[in-house]
Amino acid sequence: MSKIHIQTTQNVAVEYEIASAGDRMMGYLIDMFVIVAYIVSVSLLFTETLGNVPMYIWVIVYLPVLFYDLLFEVFFNGQSLGKRQMKIKVVALNGGEATLGSYLIRWILRPIDFSLFGPFVALVTVAASGKGQRIGDLAAGTSVVYVAEKRKRFTPRMPDMETEYIPTFPSVITLSSRDIAIVEQVMASYGKGDNNDALYIMQEKVKQTLEVESDLPPMTFLRTIVKDYHHYMTTGH
């Protein structure tokens with residue numbers, strides 16, 4: 003299975019498995035089923051209850067069909083009903099969250115990917131791009147990946163080391179690679195949801211473990227710990 007590595011703004015590399023063309027096609031077919039079911043249900047309801055329905059009513063009724071993909075991806079974090087069922091989602095390749103602009107570009111270019119040839123153009127582009135990207139993804143800087151927990155993992159990135167770098171906390175060598183990975187994940191999650199206290203808790207835990215004192219702010223302290231650790235692992239001294 004092909005993978006992509008996305009470097010987050012917190013300097014953590016996240017590895018995702020690219021959604022297969024088959025799973026994307028299944029998601030597409032599920033979405034088409036939902037749309038067709040909606041059209042048939044609403045059409046039957048209106049014709050049976052209202053008889054001759056004015057054109058403007060039909061326009062209003064069909065607006066959700068036109069904006070189906072855009073609305074679901076914007077409000078459900080990159081997932082339509084079909085994508086959710088297949089456990090795949092849209093992600094940005096720049097390390098940040100996919101933006102409204104990204105979703106809008108994908109939606110605008112959707113008619114090119116799904117043209118008179120059906121999804122054929124999209125499938126060819128996905129297979130040829132190397133990162134699971136259709137034309138809309140290439141323009142928006144996005145891809146579609148698996149989101150099940152078993153399909154992704156964090157890969158800590160070893161920061162570049164200056165030739166004359168002098169570590170601040172020598173006792174950091176007592177930590178394990180797993181400890182550092184946990185520290186990096188806490189740093190990466192800072193500012194998201196209600197997890198902000200974890201940064202301060204992690205700082206105190208590391209201080210106690212290493213038996214060090216520091217007046218550095220929590221994020222700066224933890225970044226220094228990570229950098230010191232990788233320096234020792236890279237240079238051996």
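Throughout the sequence shown, residue numbering follows this note's numbering, covering 3 to 239 in sequence.
Here a beta-carbon is modelled for each residue, glycine too, at the ideal position from N, C-alpha and C.
N- and C-terminal bounds of the alpha helix (DSSP H) containing residue i
i    : result
Y40  : 23-51
T176 : From DSSP, T176 is part of no alpha helix (DSSP H); its letter is neither H nor E.
A200 : 199-212
V55  : Note, V55: premise wrong, no alpha helix (DSSP H); not H, not E.
R225 : 220-237
L73  : 70-77
D115 : 112-115
Neighbourhood of residue i by C-beta, 6 Å cutoff - its chain only, sequence neighbours within 5 removed
i    : result
A39  : none
S43  : none
V63  : V44
R136 : D115, A124, T127, V128
T226 : T170
S4   : I20
A142 : S104, I107, R108
Start-to-end residues for the beta strand (DSSP E) that takes in residue i
i    : result
T144 : 144-148
K91  : 90-94
Cβ distance (whole Å) where residue i is taken to contact residue j below 8 Å
i    : j    : result
A94  : S104 : 6 Å
I37  : Y70  : 6 Å
E215 : K209 : 7 Å
G84  : I32  : 3 Å
L212 : V174 : 6 Å
V67  : I41  : 7 Å
Beta-carbon contacts of residue i that lie in its chain and below 8 Å, excluding the five residues immediately before and after
i    : result
L140 : T127, S131
A129 : A23
I246 : A query on residue 246 cannot be resolved here, the shown segment of the chain reaching from 3 to 239 and no further.
R112 : D71, G138
L201 : V188, M189, Y192, P220, M221, L224
V55  : F48, T49
T176 : T211, L212
Any non-hydrogen atom of the ligand GDP closer than 7 Å to residue i Cβ
i    : result
I203 : Summarising the ligand content, the structure contains no ligands, and the ligand GDP is consequently not present.
Close beta carbons around residue i, own chain, < 7 Å, minus the five adjacent residues each side
i    : result
Q205 : P220, F223, L224
W109 : D71, L72
R153 : For R153, the predicted model reports a pLDDT of 45, less than 50, meaning its position is unreliable; a value from the coordinates is still stated below. Excluding sequence neighbours, R153 sits near E19.
V149 : K89, I90, K91
Kindly confirm or deny that the region 46-66 and the region 86-93 touch, where touching means at least three C-beta pairs closer than 8 Å.
-> Touching, no.
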